[in-house]
Amino acid sequence: MYQQGTEDTRALSKRVSSILDVVGYSQEDRNRRLRCVTGWEFFCNIGNLFKPGRILKKYMFGSRGEGSTGPGLVSDQDILGESDKIRVVTDISDCQPDKLNCLMVYDEGTHPGYVKLQMVDILPDGTPDPKSFGRTVISNKFFPSIFPDEFSGPAVSTKHKIEELSRDYVTVLRCERWPNEAQEWFQRHRRHGWPKSHDVEKARRDCCFATGVGHPQSDAKNFEWRLSFSFTERAITRSFDDTAMKVYILLKMIKVTYIKPFFRGDVFPSYYCKACMLWMKEKTPPELWRTENLLYCLHLCIRQLYEWVNNGCCPDYFIVTNNIYDRKIYGPAKTKLSKILGKLLSKDCRKMLFKLKCCNLGQLLQQDFSNVDIIRNSKLIDRNVTLEILVDYQTYIEEAAKCRIEMLRYIPQNITNLTSCIRQIKHYMQDAPPTLRIDAHHVLLSLLSRAGFCIVSECKENIQSLSQEDVDYRKTLATKCLSLGINTDATSVRLKLCALGTMFGNYNFTETRLQEIGDHRMRYIYSCKTNNSYTLKCNMAFNLNKFKTEKDSTNDLLQNQTSFSVIYLPSEISITPTALKIEMYRSVCAPPALRDEEKHFWYDWAVVDSLMCLHFFQYLNFLMLKIESHKMASVEKMVQVIRTEPYIPNRETELNLLGYCLMRESQVKNAFICFKKSMTTCPHHNAAKFHLGIMFQKFHVARLGR
């Protein structure tokens with residue numbers, strides 16, 4: 001391929017590294033991806049504090065979990081679900097009476113890297129039941145009966161939204177200790193000190209997983225469980241220096257360009273590139289992995305892959321007796337793969353790189369750019385980088401929204417329970433790493449805003465029985481909570497505060513605040529429907545460079561660029577505008593069989609899109625101010641939202657609000673059209689029936705009056 005020390009290859013290495021930086025693979029880009037992954041996991045698992053009976057912890061692994069993906073590299077989201085109800089133990093003494101205990105067992109037919117699991121019954125005195133031993137081992141297909149409401153293994157795929165991104169769900173069981181056959185990894189002599197000792201000790205604490213996949217050659221593949229070291233792999237891959245990570249990324253790009261087109265199916269998965277990187281990092285000195293040696297390190301990795309393919313054997317990094325190529329790379333596929341890798345080793349490095357298609361890297365290398373800033377502004381990379389940022393942030397924000405919904409759904413909406421949850425989150429923040437404190441802070445803000453509205457609602461309901469001193473105290477406390485929680489997102493808390501202003505007669509103040517929201521926070525909108533209970537609206541005018549470099553970019557995105565739907569709960573009915581109160585009774589007289597409590601829990605809430613809510617609250621405020629022109633302008637804007645927003649959720653609610661406004665303006669015919677369209681959109685669980693009833697009653701009374 002070339003020699004390590006030539007000036008030409010050292011200069012080309014630096015150039016390749018610089019271009020990778022600007023097309024989405026810099027250290028800052030990787031940190032941003034990891035920040036989104038960490039936040040996604042936090043919002044997934046913080047629900048354990050709120051949701052009763054939840055038995056799966058969720059983590060993201062694979063390329064996205066490592067931060068090793070980017071523009072041009074299509075990577076699935078590998079979601080791992082870990083059960084906390086089942087313990088896999090290596091020794092019978094580790095069994096616990098309050099868990100479902102499974103003992104690792106081996107027999108002559110068990111392949112390296114795989115185990116079988118035997119259920120162990122625990123007697124009332126806490127000791128294992130002797131009758132458990134010698135039982136038949138359990139099948140790796142038993143997940144559906146245990147996790148009927150969750151995802152099941154070994155892998156279930158779904159499609160995500162942007163560019164049909166796939167998610168692979170895998171359910172695993174945590175092994176309390178590393179199996180005996182993997183103990184060599186801890187005792188291994190590491191001449192160059194990688195991975196570092198603290199990473200090795202962390203791996204011992206993280207343990208490993210048992211995944212419901214058998215060895216392809218096994219006669220009992222339905223009863224074997226593959227050992228997975230995903231946590232440790234992810235941790236030490238994240239510890240790669242900049243050069244090592246770029247070599248890893250280039251290996252994946254080479255795979256996409258030179259290997260994938262010549263095979264049906266994923267004959268050479270990215271995991272093989274990762275295994276190569278782990279071994280090479282351990283075997284080579286750290287001073288080798290410098291920017292000027294980028295292409296030399298790439299050459300060493302390709303040569304190692306070539307040798308492994310020729311031998312038909314690649315040792316697993318954690319269990320060296322486990323050949324990860326076994327029954328996967330053999331026959332004609334092995335011959336063809338060996339030929340491709342051989343050609344790559346003999347090919348001139350420049351020619352090989354110039355043909356790389358991912359993120360137009362080859363094309364950019366061929367062009368004579370004087371500096372990387374010209375590349376950074378090139379249209380060749382703009383769309384890819386923008387899409388990649390959207391994928392990362394969309395995943396993060398959607399999970400934040402789901403966490404928000406779980407808090408509304410499972411925390412009893414009274415000040416005592418909210419205060420208890422606030423204390424739990426504050427306690428969590430004390431021990432959380434800095435990156436997670438940002439997400440915990442967001443949850444805390446959400447709880448504070450909820451507590452503020454709860455105080456106002458309780459105060460309004462009990463105003464007659466409260467002394468003036470109690471009212472003043474609660475007013476001060478609510479103001480403090482709402483001022484702290486106002487930055488939960490860009491608009492929803494602010495909009496509810498504006499509705500309170502109208503309710504309590506502060507019309508001019510409300511007009512000013514609504515105008516500020518409309519001018520500055522709802523300008524460039526991207527709609528993203530997640531499910532029927534909430535929607536996300538992300539401001540698309542954000543600064544790409546800012547979000548690529550700032551450490552708290554995700555927090556800024558949530559607070560300033562995202563507008564969740566405005567939600568009123570039944571506990572807030574005393575501070576809910578009349579038209580939205582009616583929405584809480586949408587299920588009255590509807591057939592119970594058409595309501596799934598797991599999916600339709602929000603039917604008892606009032607949920608309205610933030611943009612529609614803005615114009616509706618403006619209408620109510622101008623109605624009280626008696627400004628006719630502004631009032632009708634707000635109605636026109638509501639009409640425009642319904643016409644132009646294709647992804648708006650709960651469209652029946654938006655039509656009902658518009659019909660309510662038109663009915664107030666005596667435009668009965670147009671109001672009737674709105675309610676009729678609303679009933680067509682959602683025939684059963686719909687509050688339009690009450691609006692129609694009110695309309696017909698008024699019509700009947702008017703006729704009687706004549």
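Numbering of the sequence shown is given in the UniProt record's numbering, commencing with residue 1 and proceeding in unit increments. Glycine included, every Cβ here is placed at the ideal spot set by N, Cα and C.
Answer with buried or exposed for residue i, where buried requires no fewer than 16 other C-beta atoms within 10 angstroms of its C-beta.
{"i": "Asn322", "result": "buried"}
{"i": "Arg327", "result": "exposed"}
{"i": "Leu12", "result": "buried"}
{"i": "Lys351", "result": "exposed"}
{"i": "Leu594", "result": "exposed"}
{"i": "Ser26", "result": "buried"}
{"i": "Ser145", "result": "For Ser145, the predicted model reports a pLDDT of 43, less than 50, meaning its position is unreliable and no value from the coordinates is stated."}
{"i": "Ser83", "result": "buried"}
{"i": "Ala541", "result": "Confidence at Ala541 is low in this model, with a pLDDT of 38, below 50, so its placement is unreliable and the value that follows should be read with caution. Label assigned to Ala541: exposed."}
{"i": "Asp348", "result": "exposed"}
{"i": "Leu80", "result": "buried"}
{"i": "Gln96", "result": "exposed"}
{"i": "Phe453", "result": "buried"}
{"i": "Cys273", "result": "buried"}
{"i": "Asn311", "result": "exposed"}
{"i": "Cys613", "result": "buried"}
{"i": "Ala688", "result": "buried"}
{"i": "Glu597", "result": "exposed"}
{"i": "Asp489", "result": "buried"}
How close, in whole Å, do the beta carbons of residue i and residue j come, if the pair is a contact with beta carbons under 8 Å?
{"i": "Met638", "j": "Leu620", "result": "No, Met638 and Leu620 are not in contact; Cβ-Cβ is about 12 Å, not under 8 Å."}
{"i": "Phe654", "j": "Asp609", "result": "The question names Phe, yet the displayed sequence has Glu at residue 654. Indeed they touch by this definition, with Cβ atoms about 6 Å apart."}
{"i": "Ile319", "j": "Gly113", "result": "5 Å"}
{"i": "Ile517", "j": "Thr491", "result": "6 Å"}
{"i": "Thr38", "j": "Leu436", "result": "6 Å"}
{"i": "Lys281", "j": "Trp194", "result": "5 Å"}
{"i": "Trp279", "j": "Thr243", "result": "About 16 Å separates the two Cβ atoms, so there is no contact after all."}
{"i": "Ile231", "j": "Asp206", "result": "Before going further, note that residue 231 is Phe rather than Ile in the sequence given. Confirmed, about 4 Å."}
Using the DSSP secondary-structure output, state which residues sit across from residue i in a beta bridge.
{"i": "Asp78", "result": "Phe61, Asp168"}
{"i": "Ser175", "result": "In the sequence as presented, Ser is not what sits at residue 175; that position holds Cys. Per DSSP, Val88, Cys208."}
{"i": "Ile567", "result": "Val607"}
{"i": "Arg226", "result": "Tyr114, Thr211"}
{"i": "Ile97", "result": "The amino acid occupying residue 97 in the given sequence is Pro; Ile does not appear at that position. Answer is none; Pro97 lacks a bridge partner."}
{"i": "Met119", "result": "Cys102"}
{"i": "Glu83", "result": "The identity of residue 83 in the sequence shown is Ser, whereas the question assumes Glu. BP columns for Ser83 point to Leu56, Leu173."}
{"i": "Thr136", "result": "According to DSSP, Thr136 bridges with nothing at all."}
{"i": "Leu73", "result": "Gly70"}
{"i": "Asn323", "result": "Pro315"}
In whole angstroms, what separates the C-alpha of residue i from that of residue j?
{"i": "Gly109", "j": "Leu227", "result": "16 Å"}
{"i": "Ser634", "j": "Val607", "result": "19 Å"}
{"i": "Thr6", "j": "Gln430", "result": "52 Å"}
{"i": "Ser68", "j": "Ser571", "result": "46 Å"}
{"i": "Leu466", "j": "Ile582", "result": "28 Å"}
{"i": "Gly72", "j": "Leu361", "result": "9 Å"}
{"i": "Phe601", "j": "Arg586", "result": "12 Å"}
{"i": "Val172", "j": "Gln183", "result": "21 Å"}
{"i": "Arg30", "j": "Leu353", "result": "22 Å"}
{"i": "Ile19", "j": "Thr416", "result": "55 Å"}
{"i": "Gln667", "j": "Tyr660", "result": "10 Å"}
{"i": "Met503", "j": "Leu56", "result": "43 Å"}
{"i": "Pro154", "j": "Thr211", "result": "Here the model assigns Pro154 a pLDDT of 45, short of 50, so the residue's position is not dependable and the matter cannot be decided."}
{"i": "Arg177", "j": "Asp94", "result": "9 Å"}
{"i": "Cys208", "j": "Thr90", "result": "12 Å"}
{"i": "Arg87", "j": "Met119", "result": "10 Å"}
{"i": "Pro216", "j": "His111", "result": "10 Å"}
{"i": "Asn506", "j": "Asn560", "result": "25 Å"}
Can you tell me which of the options puts its alpha carbon nearest to the alpha carbon of residue i?
{"i": "Gly214", "options": "Phe223, Asp206, Cys208, Cys207", "result": "Phe223"}
{"i": "Arg234", "options": "Thr510, Asp470, Phe453, Met60", "result": "Met60"}
{"i": "Glu458", "options": "Lys475, Asp78, Met245, Tyr325", "result": "Lys475"}
{"i": "Pro592", "options": "Glu636, Thr562, His685, Leu305", "result": "His685"}
{"i": "Glu406", "options": "Gly501, Leu569, Val267", "result": "Leu569"}
{"i": "Asp121", "options": "Ser239, Ser139, Glu292, Ile92", "result": "Ile92"}
{"i": "Gly342", "options": "His299, Gly331, Val456", "result": "His299"}
{"i": "Glu665", "options": "Met695, Glu28, Lys202, Val137", "result": "Met695"}
{"i": "Ser270", "options": "Lys626, Ile575, Val247, Lys336", "result": "Val247"}
{"i": "Gly485", "options": "Gln468, Gln618, Ala451", "result": "Ala451"}
{"i": "Leu344", "options": "Asp241, Leu364, Arg303, Ile573", "result": "Arg303"}
{"i": "Gly693", "options": "Phe672, Ser218, Arg409", "result": "Phe672"}
For residue i, decide whether its Cβ has a neighbour in chain C, counting only Cβ atoms nearer than 9 Å.
{"i": "Ser678", "result": "Any reference to chain C falls outside this structure, which holds one protein chain only."}
Check whether the Cβ of residue i sits closer than 8 Å to any heavy atom of the ligand NAP, and report yes or no.
{"i": "Met679", "result": "With respect to the ligand NAP, the structure offers nothing, as it holds no ligand at all."}
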